[in-house]
Structure formats: structure tokens, C-alpha cells
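>
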């Protein structure tokens, strides 16, 4: 820290160039810093600048060092590189023209040939980020906002780390779910050091003092517990008026609330979180973990297999299947993988046969029509759910909210019926979007969730078609022999 404050210059918020002076958050980070760190913070706490400063000094003082900064956008990457280039430009001339003379300096890279060292800044959208490198310092900036499959990108970067490499993952929160949220939640498993920096650690976050007599109970508790000034309470009121529902996200106050505030969850989070703590491990895994089984088939029980097909490529959405016990609705097994077409049809029919010749409910939207054709013609499976005389489940603007509502009710009323942590995690990151629709947050999936919702919807229709009337033509109605099996 002393070297940084002595050697490095930054651009101030007023547009001037001045020596770097560490703030409270940066000093707190240094006190607790480990080899691998994850930083959850309010906005504009100076952590990106500090990570750049720290790793710049490590790069120019340790020969053979390669530092890699990964930003969430190209614009952010260029801004980080400007910070680093400013560090170099304002160093003493005897350093810049001596051992720190660069052989290459562009919008992405500084190379110091005498030190055999490099400082690279890239965007997370660059699919080749880190490929072919051996990285000693890695800073992942705004990880919660990385495009595409952030977890896959991060896994590739970790594969490039040298033994003993230093890592900083940092971000403001962006909702429950996604790569950054998952990394924050599993620090006990990974050994990463957690750092949380709430907004009041930044001294600039003050406004006109409020009248103490006007404080709400929440403000009194916050002022007492966190020793906030009346000027800080004034700032809090101001930013809550400006940012409304996003205030708790952009200006984090506690580790859990800042995630929950980011996006309106469709499902009851208390029920989901409670079940996540108690969800059991599967008793069996197949296909390298793509198929997980909690409740194997029991003789004379009836089952349903709900299938949400995808294209089958190695990227994008998964094809997902959920196995439910008809009578109770308990989740018995789950599949999710990048398979489609005939391979998916065969997998689904084999799973249905294993579960006592289960009903097979295939969403017929998009890729599903082709899978259905394979199920009925190639695989010759006959116990296929039908609606209105047509094979398959059709998801529409009417049926989708209905089955999602049924799933939400089941999570609240019967959480013990849900076994899969992966399914529950998808429920956690399923939110109301800005355009009024619902869906998975960026970087997360909802394939298991939709398969389960379809399964619950089809199960309700099949049970409703039991022979309290003599008509065999209800939605998804089974024949009389099948009705007897279900009743049994």
C-alpha cells in the first residue's frame, strides 16, 4: 500500500491527476486479503482501481508475471486499461526508460521484455480469454454482469492459473442466482476469502443532514448499529428515492438483502431457501451426473416423465426431464443435458419404461415436435400425453403462467416433495423481467424448472380425468385400463 501511494497516480472524480490514496474499503481488503478473494460491494467503492494497482505493482516487481484483468464489457476493459496505462505513464522516467520499457502497448496489453512480464485486459465476451496463458494474477471485474455462460468462462480462466496465483472476483450484486452469487454462496467449500463493503464505507456518500426527529425505526436501528451520521442517513434517503427498488442492490447494506433486492423473484424465496438447506443428495447418478435419482421406481406405483426439449448443441439451453410420482407429486429423478433429437427421445422413453411405463409428457413447442415424432415412430412408445387429440404439451401465454403458479404453490405447500438442489437454484434465479414477462436471469437457466412446471400441470390434468365421469375424451385422458392403473 505504501508503494502504491508513493508511485501511482489516478484520475480523480474532478478530472485531475493525483497520487493514489487508499480508502477504507481498499485498506480493509488488504487487512483480510488471501490468495483467493471474492468481493461483494456497493457501487464505486474503488475496488477495481485497487485491484489494478495491486496487480500492476506485482507485475513490475516480479519477473515472469502475467496479470489478466477480465471486465464485463469491452468499454469497461478499455477503462481499466486506461487506469493501468496511467500508472505506467506517471512512473519516474528512469523506470519507464529502463527496466519498465515496453515492447508492446495497445488497448489490451502492456509487455515488459526485460522482466518477461505482461499486463493484459480483456472482455468476458472474449471466448479465448486466458486460453494458452499461465496467469499469476487474475482479476474478474463485475462478475455478476458477465455475458453468456459466466461460470464456463470462469472455469476456463481458472484452468489458466499458475500454482499460487492470486485471484480477485469482485462485483456489485445482480440478483439471486448466476455465477457470482453461486461463488459467494460456496466460499466454505472453495476456501475463498469473503469481503463485503457496504456503501457507508465510502466517505463521499453523504448528503444534507436529516432532522433526527424524523428518523424511522429502521433508520434508528441502522444508525445505532452501524454508527451512521445524520448526513449518511440523508444520503440513504436520497439514493432510495432515486433508485427505488434497485437501491439495496446498487448501495448494498447487508450480504443477503442486496442479492434478494435484485430483480423480483417469481417464487416464494423463503420456501425455496428453506428447502435448499434440507434437500437430500441423490442416491444414484448416471451419465456423469446428468441424471440424478432420489426415489427409484416402486412396483405398482404410477409415474410421469415431463420433458422440456432443447436443440441438443453443446451450448445454450439444456434438455431437461423430471420424473414425478403420480399420486403424490414427489420428485423422483431429474435429467439435464445437451442432447436432442433421437438421442433425447431414446433417453426419455428408456426413463419412462424404467419407471413402470410412465406417462411421457413432451413439450411440443419448437424442438419438441421432432422429439415427439421419434418417441412415437422410432421408439414406438405409446403412453404419451395428449391434449385435444394431439400428442405433447403445448406451452402458451395462458398455460405458462398457470403451471408456474402451480409450481409456486407446490413449493410453499409441499416443499418436501422437491429433491433437486439444481432445480431449486433455478427457482431462486427465476424473476420478473423488465418487459413484464418472467424468465431466468442472465447467465442462469430455467430448463429443469419448466420441465417440473409442465410435469405438475400435466399430472393435475391426468388426475382430474379420473373416471368421475364416463367421458374418455378429457385433456390428456387415459383409457379405461390406464384409469384403473392410476387408481390402483
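Numbering (this note's numbering), first residue to last: 1063 to 1550. All residues carry an ideal CB built from backbone N, CA and C; glycine is no exception.
1) Provide the residue span of the beta strand (DSSP E) that contains residue 1112, from first to last.
2) For residue 1475, which of 1330, 1301, 1343 has the nearest alpha-carbon?
3) Any idea if residue 1442 is buried or exposed, counting beta-carbon neighbours within 10 angstroms, 16 or more meaning buried?
4) Have a look at residue 1078 and residue 1151 and give me their C-alpha separation to the nearest angstrom.
5) Assuming residue 1183 is part of the alpha helix (DSSP H), what are its boundary residues?
6) Between residue 1380 and residue 1368, is the Cβ-Cβ spacing less than 8 Å?
7) Under the DSSP definition of a beta bridge, which residues are partnered with residue 1146?
8) Give the DSSP-derived three-state secondary structure of residue 1077 in the structure shown.
9) With distances taken Cα to Cα, identify the nearest neighbour of residue 1230 among 1102, 1191, 1160, 1262.
10) Where DSSP assigns a beta bridge to residue 1421, which residues make up the other side?
11) Is residue 1477 helix, strand or coil when you go by DSSP?
12) Short check: CB of residue 1485 to CB of residue 1510, under 8 Å?
13) Starting from the N-terminal side, write out each stretch of the alpha helix (DSSP H) that is 4 residues or longer and does not extend beyond the stretch 1287-1365.
14) Leaving out five residues before and five after residue 1083 in sequence, what residues of the same chain have Cβ atoms less than 7 Å from its Cβ?
15) Where does residue 1097 sit, in a helix, a strand or coil, going by DSSP?
16) Work out the CA separation of residue 1479 and residue 1096 for me, nearest whole Å.
17) Is it true that the CB of residue 1386 sits closer than 8 Å to the CB of residue 1366?
18) According to DSSP, residue 1238 sits in a beta bridge with which residue or residues?
19) Is residue 1462 helix, strand or coil by DSSP?
20) Report yes if the CB atom of residue 1259 is closer than 8 Å to the CB atom of residue 1104, and no otherwise.
21) Taking the C-alpha atoms as reference points, what is the distance between residue 1201 and residue 1134?
22) In chain order, what residues of the same chain lie with their CB nearer than 6 Å to the CB of residue 1161, ignoring the 5 residues before and after it?
23) In this structure, how does DSSP classify residue 1436 when only helix, strand and coil are distinguished?
24) Taking the alpha carbon of residue 1236 as the point to measure from, which residue in 1506, 1099, 1069, 1524 has its own alpha carbon closest?
25) If you reduce the DSSP assignment to three classes, tell me which class residue 1448 lands in.
26) Within a Cβ cutoff of 6 Å, which residues of the same chain sit near residue 1165, ignoring the five residues on either side of it in sequence?
27) Using 8 Å as the cut-off, can you tell me whether the stretch 1198-1214 makes contact with the stretch 1103-1123, which would need three or more C-beta pairs spanning the two stretches below that distance?
28) Using the rule of at least 16 other Cβ atoms within 10 Å of the residue's Cβ for burial, across every protein chain shown, is residue 1225 buried or exposed?
29) Run the CB neighbour count on residue 1250, radius 10 Å, all protein chains shown included, and call it buried at 16 or more, exposed below.
30) For residue 1233, which of helix, strand or coil comes out of DSSP?
31) With a cut-off of 8 Å on the beta carbons, I'd call residue 1210 and residue 1487 a contact; round off their distance for me.
32) In the DSSP assignment, find the unbroken beta strand (DSSP E) run with residue 1411 in it and report its ends.
33) Taking the C-alpha atoms as reference points, what is the distance between residue 1459 and residue 1468?
34) Would you kindly work out how many angstroms separate the C-alpha atoms of residue 1117 and residue 1129, rounded to a whole number?
35) Can you list, in chain order, the residues of its chain with a C-beta nearer than 7 Å to that of residue 1069? Leave out the 5 residues immediately preceding and following it.
36) So residue 1250 is in the alpha helix (DSSP H); what residue range does that whole segment cover?
Per the coordinate set shown:
1) Residue 1112 sits at position 50 when you count from the first residue of the chain shown. Secondary structure note for residue 1112: it is in no beta strand (DSSP E), and the uninterrupted alpha helix (DSSP H) holding it is 1109-1123.
2) Here residue 1475 corresponds to residue number 413 of the chain shown, with the count starting at 1. Of the candidates 1330, 1301, 1343, the one whose C-alpha sits nearest the C-alpha of residue 1475 is 1330.
3) Counting from one through the chain shown, the residue named residue 1442 turns up at place 380. By the neighbour-count criterion, in which 16 or more other beta carbons inside 10 Å mark a residue as buried, residue 1442 falls on the exposed side.
4) As a first step, residue 1078 must be located in the chain shown, where it is residue number 16. As a first step, residue 1151 must be located in the chain shown, where it is residue number 89. Taken atom to atom, the span from the alpha-carbon of residue 1078 to that of residue 1151 is near 15 Å.
5) Position 121 of the chain shown holds residue 1183. First-last for residue 1183: 1179-1185, but that is the beta strand (DSSP E), not the alpha helix (DSSP H).
6) Within the chain shown, numbered from 1, the residue matching residue 1380 stands at position 318. Within the chain shown, numbered from 1, the residue matching residue 1368 stands at position 306. Cβ atoms of residue 1380 and residue 1368: not closer than 8 Å.
7) Numbered from 1 along the chain shown, position 84 holds the residue referred to as residue 1146. As computed with DSSP, residue 1146 is found in no beta bridge at all.
8) The residue given as residue 1077 occupies position 15 in the chain shown. Collapsing the DSSP output to three states places residue 1077 in coil.
9) On the chain shown, residue 1230 is found 168 positions in, with the first residue counted as 1. Closest in alpha carbon position to residue 1230, among 1102, 1191, 1160, 1262, is 1102.
10) Within the chain shown, numbered from 1, the residue matching residue 1421 stands at position 359. Residue 1421 has 1366 as its beta-bridge partners, per DSSP.
11) Locating residue 1477 in the chain shown gives position 415, where the first residue counts as 1. Look at residue 1477 here: in three-state DSSP terms it is helix.
12) Against the chain shown, residue 1485 aligns to sequence position 423. Against the chain shown, residue 1510 aligns to sequence position 448. Their beta carbons are under 8 Å apart, which means residue 1485 touches residue 1510 by this criterion.
13) 1292-1305, 1309-1312, 1319-1322, 1331-1340, all fully within the stretch 1287-1365.
14) Position 21 of the chain shown, counted from the first residue, corresponds to residue 1083. Contacts found: 1067.
15) The residue you call residue 1097 lines up with position 35 of the chain shown. Coil, per DSSP.
16) Residue numbering aside, residue 1096 sits at position 34 when the chain shown is read from its first letter. Residue numbering aside, residue 1479 sits at position 417 when the chain shown is read from its first letter. In a straight line, the C-alpha of residue 1096 is about 41 Å away from that of residue 1479.
17) As a position in the chain shown, residue 1366 is number 304, starting the count at 1. As a position in the chain shown, residue 1386 is number 324, starting the count at 1. The Cβ-Cβ distance between residue 1366 and residue 1386 falls below 8 Å.
18) The residue you call residue 1238 lines up with position 176 of the chain shown. BP columns for residue 1238 are empty, so no partner.
19) By one-based count along the chain shown, residue 1462 stands at place 400. If DSSP states are grouped into helix, strand and coil, residue 1462 belongs with the helices.
20) Counting from one through the chain shown, the residue named residue 1259 turns up at place 197. Counting from one through the chain shown, the residue named residue 1104 turns up at place 42. Taking 8 Å as the Cβ cut-off, residue 1259 and residue 1104 qualify as a contacting pair.
21) Numbered from 1 along the chain shown, position 139 holds the residue referred to as residue 1201. Numbered from 1 along the chain shown, position 72 holds the residue referred to as residue 1134. The straight-line gap from Cα to Cα measures roughly 11 Å.
22) Residue mapping note: residue 1161 aligns to position 99 of the chain shown, counting from 1. Short of 6 Å from the beta carbon of residue 1161, and not among the five residues preceding or following it, lie these beta carbons of its own chain, in chain order: 1176.
23) Taking the chain shown and counting its residues from 1, one reaches residue 1436 at position 374. Residue 1436: helix per DSSP, three-state reduction.
24) Looking up residue 1236 in the chain shown gives position 174. Nearest to residue 1236 by C-alpha distance, out of 1506, 1099, 1069, 1524, is 1506.
25) As a working mapping, residue 1448 is identified with position 386 in the chain shown. In the structure shown, the three-state DSSP call for residue 1448 is strand.
26) Against the chain shown, residue 1165 aligns to sequence position 103. 1173, 1175, listed in sequence order.
27) Touching, yes.
28) As a first step, residue 1225 is located in the chain shown; it is residue number 163 there, counting from the start. So residue 1225 ends up on the exposed side.
29) To locate residue 1250, count along the chain shown from 1; it is residue 188. Residue 1250 counts as exposed, since fewer than 16 other beta carbons sit within 10 angstroms of its beta carbon.
30) For the purposes of this step, residue 1233 is taken as residue 171 along the chain shown, with counting starting at 1. The DSSP-derived three-state label of residue 1233 is strand.
31) In the chain shown, counting from the first residue as 1, residue 1210 sits at position 148. In the chain shown, counting from the first residue as 1, residue 1487 sits at position 425. No, residue 1210 and residue 1487 are not in contact; Cβ-Cβ is about 18 Å, not under 8 Å.
32) In the chain shown, residue 1411 corresponds to position 349, counting from 1. Counting along the chain, no beta strand (DSSP E) covers residue 1411; the unbroken alpha helix (DSSP H) around it starts and ends at 1403-1416.
33) Taking the chain shown and counting its residues from 1, one reaches residue 1459 at position 397. Taking the chain shown and counting its residues from 1, one reaches residue 1468 at position 406. Put simply, the backbone Cα of residue 1459 is about 15 Å away from that of residue 1468.
34) Numbered from its first residue, the chain shown carries residue 1117 at position 55. Numbered from its first residue, the chain shown carries residue 1129 at position 67. So the two alpha carbons sit approximately 7 Å from each other.
35) Start at 1 with the first residue of the chain shown, and residue 1069 comes out as number 7. Within the same chain, 1153 come within 7 Å of residue 1069 by CB-CB distance, once the 5 residues on both sides are set aside.
36) By 1-based counting over the chain shown, the position of residue 1250 is 188. Here the alpha helix (DSSP H) through residue 1250 covers 1249-1252.
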